[in-house]
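Everything below concerns the one structure shown next.
Number of protein chains: 2
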Amino acid sequence: MSAEAANVIDLGQVRRSCAQCSLGQLCLPAAIGAGEMDRLERIVRSRRAVQRGERLFGVGTPLSALYVAREGAFKTTTLSEDGNAQIIGFHLPGELIGLDGLGSERHRCEAEALERATVCEVPYAQLQLVAAQVPGLQRGLMRVIGRSTEQDHSHVAMMGRKHAVERVALFLHSISERFRLLDRPHDAFALPMSREDIANFLGLVIETVSRSFSKLAEDGVIEVRGKNVRIRSREALDRAADHPALA
Amino acid sequence: MSAEAANVIDLGQVRRSCAQCSLGQLCLPAAIGAGEMDRLERIVRSRRAVQRGERLFGVGTPLSALYVAREGAFKTTTLSEDGNAQIIGFHLPGELIGLDGLGSERHRCEAEALERATVCEVPYAQLQLVAAQVPGLQRGLMRVIGRSTEQDHSHVAMMGRKHAVERVALFLHSISERFRLLDRPHDAFALPMSREDIANFLGLVIETVSRSFSKLAEDGVIEVRGKNVRIRSREALDRAADHPALA
DNA sequence: CGGCGACTTGAACAAGCTCAAAGTATGTGG
DNA sequence: CCACATACTTTGAGCTTGTTCAAGTCGCCG
Numbered sequence: 024m025s026a027e028a029a030n031v032i033d034l035g036q037v038r039r040s041c042a043q044c045s046l047g048q049l050c051l052p053a054a055i056g057a058g059e060m061d062r063l064e065r066i067v068r069s070r071r072a073v074q075r076g077e078r079l080f081g082v083g084t085p086l087s088a089l090y091v092a093r094e095g096a097f098k099t100t101t102l103s104e105d106g107n108a109q110i111i112g113f114h115l116p117g118e119l120i121g122l123d124g125l126g127s128e129r130h131r132c133e134a135e136a137l138e139r140a141t142v143c144e145v146p147y148a149q150l151q152l153v154a155a156q157v158p159g160l161q162r163g164l165m166r167v168i169g170r171s172t173e174q175d176h177s178h179v180a181m182m183g184r185k186h187a188v189e190r191v192a193l194f195l196h197s198i199s200e201r202f203r204l205l206d207r208p209h210d211a212f213a214l215p216m217s218r219e220d221i222a223n224f225l226g227l228v229i230e231t232v233s234r235s236f237s238k239l240a241e242d243g244v245i246e247v248r249g250k251n252v253r254i255r256s257r258e259a260l261d262r263a264a265d266h267p268a269l270a
Numbered sequence: 024m025s026a027e028a029a030n031v032i033d034l035g036q037v038r039r040s041c042a043q044c045s046l047g048q049l050c051l052p053a054a055i056g057a058g059e060m061d062r063l064e065r066i067v068r069s070r071r072a073v074q075r076g077e078r079l080f081g082v083g084t085p086l087s088a089l090y091v092a093r094e095g096a097f098k099t100t101t102l103s104e105d106g107n108a109q110i111i112g113f114h115l116p117g118e119l120i121g122l123d124g125l126g127s128e129r130h131r132c133e134a135e136a137l138e139r140a141t142v143c144e145v146p147y148a149q150l151q152l153v154a155a156q157v158p159g160l161q162r163g164l165m166r167v168i169g170r171s172t173e174q175d176h177s178h179v180a181m182m183g184r185k186h187a188v189e190r191v192a193l194f195l196h197s198i199s200e201r202f203r204l205l206d207r208p209h210d211a212f213a214l215p216m217s218r219e220d221i222a223n224f225l226g227l228v229i230e231t232v233s234r235s236f237s238k239l240a241e242d243g244v245i246e247v248r249g250k251n252v253r254i255r256s257r258e259a260l261d262r263a264a265d266h267p268a269l270a
């Protein structure tokens, strides 16, 4: 924010700015040439503001665009017929949102902002056109999709753990790691999501999540104050992720 | 096998046969033209035989090809550093294997045949080349990737259920549905995977899976004899998937 | 037919869930 | 700016479910 205010550049120019975006390597444009970057920028609606609680799309919405979280965090949730909700993923800056619609060209999830946020919106039809002509973008797209799949898989691996503390420790580890990739403080940060969201994400109940946080705090692994978490020992956290009874 | 022996066609011709493949709509070639189909067929090594227990790739293997299960079933498993294994998916005929490598161009899972099987092997580099020139294939690829993502998400939704019987019921439902898409008997079938695999997949312990099967059988929802399952009431199965105490 | 691996069943225990209440932020209106 | 109301979080106590440990059964392949 303040770094941006320092830029004395025309606002209209700032609007289109994949080249200077702080997300850089993390986003789609990674590793495509300058001329091609320009073609991509032309189709992207960047920095759309989203309010807390606002939805980018709902279940059944035709897949019209992919989104990249730029500032702020999002969650995507599936709703099964029987009214059961399951959070499928959290999306921090640089992470793609909307890939759930690729199969049927309609979204199977809904995506909601967890806080005030901004997104870049990439119209899907146009993305396909440009990607067909820019091999680098095509490959980049595959890479980004692949990373999203990796996250789904580590989500499954998290839920496969039998003990609550393991799941919570892995969760904190994952969030911390993603903050690190963003060059943000990753030993102390504020969780953008509620305990209820964490519980749902991990297949636990809210009280169990709370108790797991408290347990990790008692054991000196982390400090917790509401959404603010500080990791006191990365090694201890990793150990807690492996074994229910930690040292 | 026997159906194949009946075919009095030149073997060399049978080797290349996306056009006549029974998987049809389910596989990559869906919805691309005949001329383009030919280009795809040229790069595919079809009907490679795989023995039970044989691996298509392991963790760290460079992504050289994508695979489509043709006959028989596969499982893919992640192995975390701490030696914890988690089954990420089962792959029945027509389903793609190897997408886990898209992000880093190295596999993060290992893929193993659960029984005698055959696969079609699609070299990834060549697939990208052809896809870049055949827009229909590009879109088809996205679709197939999207379906794989949907499966990952329903896996997560399964694991999010708190009660074992719900998870097992959803699992049976999913397998049955996939058999139906293959035009196979879907009310009575043989599970290709062991109880241990099911347990791992669902985040349960083998005994709990066994008990859940027994419970569903007691309640008249299914019949079980080892790997052979018969669904006696689809409605009851759906109910069991929603509520731990079923009717 | 024997032996081994896969599956089932039983009993005791422990982990997580439910219900309940108290404590802590958060935001709004006076 | 404070007071109050609301939503979120933590903690406690008891219960249910799934896990663990152990034994027994089934079925398959050599």
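Which chain is which? The protein sequence lines are P and V, in order. According to this note's numbering, the first sequence is numbered sequentially starting from 24. According to this note's numbering, the second sequence is numbered sequentially starting from 24. By construction, the Cβ of each residue, glycine as well, lies at the ideal position given by its N, Cα and C atoms.
Straight across, the Cα-Cα distance linking residue 203/V with residue 115/V is about 12 Å. With a cutoff of 8 Å on beta-carbon distance, residue 194/V and residue 225/V are scored as near each other. Within the region 89-123 of chain V, the complete beta strand (DSSP E) runs of at least 3 residues fall at 97-102, 108-114. In this structure, the beta-carbon distance from residue 167/V to residue 205/V does not fall below 8 Å. Under the three-state reduction of DSSP output, residue 55/P falls in the coil class, being neither helix nor strand. Close to residue 155/V, with beta-carbon spacing below 7 Å, are these residues of chain P in chain order: 155, 158, 161. Fewer than three Cβ pairs drawn from the region 234-254 of chain P and the region 234-252 of chain V lie within less than 8 Å of each other, which leaves the two stretches out of contact.
The bridge partners DSSP lists for residue 145/P are 89/P. Not a single C-beta of chain V is nearer than 8 Å to the C-beta of residue 190/P. Annotation: the continuous beta strand (DSSP E) that includes residue 247/P extends over 245-248.
Runs of beta strand (DSSP E) with 3 or more residues, each lying fully within the region 131-198 of chain V, are found at 132-136, 140-146, listed in chain order. If you draw a straight line from the Cα of residue 175/P to the Cα of residue 215/P, it is about 19 Å long. Of all residues in the region 170-196 of chain V, only 170, 172, 173, 175, 176, 178, 179, 180, 182, 183 place a beta-carbon less than 7 Å from a beta-carbon of chain P.
Rounded to the nearest angstrom, the Cβ distance from residue 245/V to residue 232/V is 13 Å, too far for a contact under 8 Å. For residue 212/P, the closest alpha carbon among the candidates 254/P, 41/P, 242/P is that of 254/P. Near chain P, meaning a CB-to-CB distance below 8 Å, the residues of the region 95-107 of chain V are 101, 103, 105, 107. Going by DSSP, residue 233/V is part of the alpha helix (DSSP H) stretching over 229-241.
With the criterion set as a beta carbon lying under 9 Å from some beta carbon of chain V, the members of the region 114-130 of chain P are 122, 123, 124, 125, 126, 127, 128, in sequence order. Using a Cβ distance threshold of 8 Å, residue 129/P and residue 84/P count as a contacting pair. Contacts with chain P at 8 Å (Cβ-Cβ) include residue 226/V. The alpha-carbon of residue 197/P is positioned some 32 Å away from that of residue 157/P. Taking the beta carbon of residue 265/P as reference, the chain V residues within 8 Å of it are 105, 107, listed in sequence order. The region 125-141 of chain P and the region 124-143 of chain V do not touch, with fewer than three beta-carbon pairs separated by less than 8 Å.
At the C-beta level, residue 264/V and residue 189/V come within 8 Å of one another. DSSP lists 213/V, 248/V as the beta-bridge partner residues of residue 251/V. Minimum Cα-Cα distance from residue 112/V among the listed residues 223/V, 266/V, 257/V corresponds to 223/V.
Rounded to the nearest angstrom, the Cβ distance from residue 159/P to residue 55/P is 4 Å, consistent with a contact under 8 Å. Contact of residue 198/P with chain V is not assigned, every C-beta pair being separated by 8 Å or more. The criterion of a C-beta distance shorter than 8 Å is not satisfied by residue 179/P and residue 67/P. The beta carbon of residue 166/P sits closer than 8 Å to some beta carbon of chain V.
Residue 73/P is bridged by DSSP to 140/P. For residue 66/V, no CB of chain P lies under 8 Å from its own CB, so it is not counted at the interface with that chain.
Comparing C-alpha distances from residue 262/V to each of 236/V, 192/V, 218/V shows the shortest one belongs to 192/V.
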